[in-house]
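J.:
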Amino acid sequence: MKLEAPRREVEIVQDQNGLDLMLGELERNTETLAIDTERASGFRYSQRAYLIQVGLADAGIFLIDPIALNEVEPDWNSRVAPELNSKPWLLHAATQDMPCLQELGFQSTQIIDTELASRLAGFQRVGLGAMVEELLSLELAKEHSAADWSLRPFGSEMLTYAALDVDVLHDLWASISQSLIEQGKMEWAQQEFAALQNFQPKPTPEEPWRNLPGLSRVKDIAKLKAAAALWLVRDEIARTTDIAPGRLIPDRSIMAAIDKVPRSKHELA
């Protein structure tokens with residue numbers, strides 16, 4: 001059955017009233033929070049969170065708009081952090097969301113990762129949609145999985161998509177945890193969850209330009225230097241403008257440029 005809409009009330013947190021409402025609910029809540037984020041990978045250089053979903057087990061779902069909140073209360077995250085960080089979190093593929101949450105000062109001392117748990121339980125397809133379909137017999141919308149979440153305003157369908165991702169997490173964990181218990185693997189899972197506290201994103205390679213597709217076949221020193229120079233200029237512009245590098249100049253264009261060795265800006269264009 002396709003899940004068309006969240007099964008709980010959804011509140012958009014984009015102003016002072018929404019923030020106060022959410023903080024009140026978080027203060028009363030003592031249960032695990034379902035957490036997810038939406039970024040703009042492929043559109044923006046940064047990996048910041050453009051939407052944060054918080055699902056309460058016995059209450060509603062809050063969709064936090066960091067961009068809107070930054071305009072009305074720049075230190076909103078310092079108000080949210082004590083309530084958010086003091087609760088256990090339930091995420092799917094936690095390491096994808098943790099960096100952008102940590103950037104805002106959000107870090108729980110107890111994390112449950114349903115993707116990691118799914119792997120330990122022996123499931124072959126561990127994506128959120130696949131697991132929800134297999135264990136809960138529900139189908140999640142996929143239309144906005146690659147959307148540009150940095151754009152405003154959000155469409156209603158985008159917000160529904162975002163809310164559904166946390167709406168199902170508590171039920172999903174209940175099913176997966178039962179499987180782990182039956183297999184005698186719950187202790188292993190708890191150890192893996194504890195290790196997530198030490199997670200650090202992979203450091204940037206010293207020469208990241210060497211990852212250009214096809215560059216390993218290039219042996220000419222002059223062409224390698226040209227590739228490095230073009231990559232570094234593109235990266236600096238992308239960082240400054242917060243535009244994904246591939247949207248400024250595709251990798252294939254850099255490779256084509258070093259192959260032709262243009263002698264002027266006109267030839268490069």
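In this text, residue positions in the sequence shown follow our numbering: the first is 1, and each later residue adds one.
Built from N, CA and C at the ideal position, the CB exists for glycine as well.
All values derive from a computational prediction rather than experimental measurement.
Enumerated in chain order, which unbroken segments of the alpha helix (DSSP H) with a length of 4 residues or greater are wholly contained in the stretch 21–86?
T.: 66–72 and 76–85
J.: Taking all protein chains shown into account, decide if V72 is buried (16 or more other Cβ within 10 angstroms of its Cβ) or exposed.
T.: exposed
J.: Whose CA, out of M131, L116, E115 and L84, lies closest to the CA of Q102?
T.: Residue nearest to Q102 within the set M131, L116, E115 and L84 is L84 (criterion: CA-CA distance).
J.: Could you give the residue range of the beta strand (DSSP E) that holds V10?
T.: V10 to V13
J.: Quick one: measure Cβ to Cβ for F43 and D167, integer angstroms, because I've assumed they're closer than 8 Å.
T.: Their Cβ separation, rounded to whole angstroms, is 25 Å, which puts F43 and D167 out of contact at 8 Å.
J.: What does a CB cutoff of less than 7 Å around F199 pick up in its chain, not counting 5 residues either side in sequence?
T.: These residues qualify, in order along the chain: T95 and M98.
J.: Decide if P270 is buried, meaning its Cβ has at least 16 other Cβ atoms within 10 Å, or exposed.
T.: Any question about residue 270 goes unanswered here, given that the chain covers just 1 to 269.
J.: Using DSSP's beta-bridge definition, name the partner residues of W89.
T.: In DSSP, W89 forms a bridge with L33 and I111.
J.: Give me, in chain order, the residues of the same chain whose beta-carbon lies closer than 8 Å to that of D165; leave out the 5 immediate sequence neighbours on both sides.
T.: D36, Q53, H92, L128 and L140
J.: With DSSP collapsed to three states, give me the class of K270.
T.: Residue 270 lies beyond the stretch modelled for the chain, which goes from 1 to 269, so this question has no answer here.
J.: CA-CA distance, I12 and F62?
T.: 6 Å
J.: Where do the ends of the alpha helix (DSSP H) carrying F193 lie?
T.: Per DSSP, F193 belongs to the alpha helix (DSSP H) from M186 to A195.
J.: Counting Cβ pairs, one atom from each stretch, are 3 or more of them under 8 Å apart for the stretch 175–195 and the stretch 114–126?
T.: yes
J.: By Cβ distance below 6 Å, which residues in the same chain neighbour M255 in space, the five residues on each side in sequence not counted?
T.: G214
J.: Since E133 sits in a beta bridge, which residues does DSSP pair it with?
T.: In the DSSP output, where bridge partners are listed per residue, E133 has none listed.
J.: Just reading off the alpha helix (DSSP H) that G246 is part of, what are its end residues?
T.: P245 to L248
J.: Going straight from the alpha carbon of H144 to that of D220, what length do you get?
T.: Distance between the alpha carbons of H144 and D220: 43 Å.
J.: Restricting to Cα atoms, I'd like to know which of M1, D58 and L3 is closest to L26.
T.: D58
J.: Less than 8 Å between the C-beta atoms of A130 and A189, yes or no?
T.: It is not a contact, given that the beta carbons lie outside the stated cut-off.
J.: Using only CA atoms, which one of Q183, K225, Y161 and R79 lies nearest to L3?
T.: Y161
J.: Would you kindly work out how many angstroms separate the C-alpha atoms of L23 and L33, rounded to a whole number?
T.: 13 Å
J.: Could you tell me which residues DSSP puts in a beta bridge with E139?
T.: K2
J.: What does a CB cutoff of less than 8 Å around Y45 pick up in its chain, not counting 5 residues either side in sequence?
T.: A238, R239, T241, D242, I243, A244 and P245
J.: Looking at C-alpha atoms only, which residue of L172, S108, L104 and L159 is the closest neighbour of S137?
T.: L172
J.: At which residues does the alpha helix (DSSP H) containing H144 begin and terminate?
T.: H144 -> no alpha helix (DSSP H), and no H or E assigned at all.
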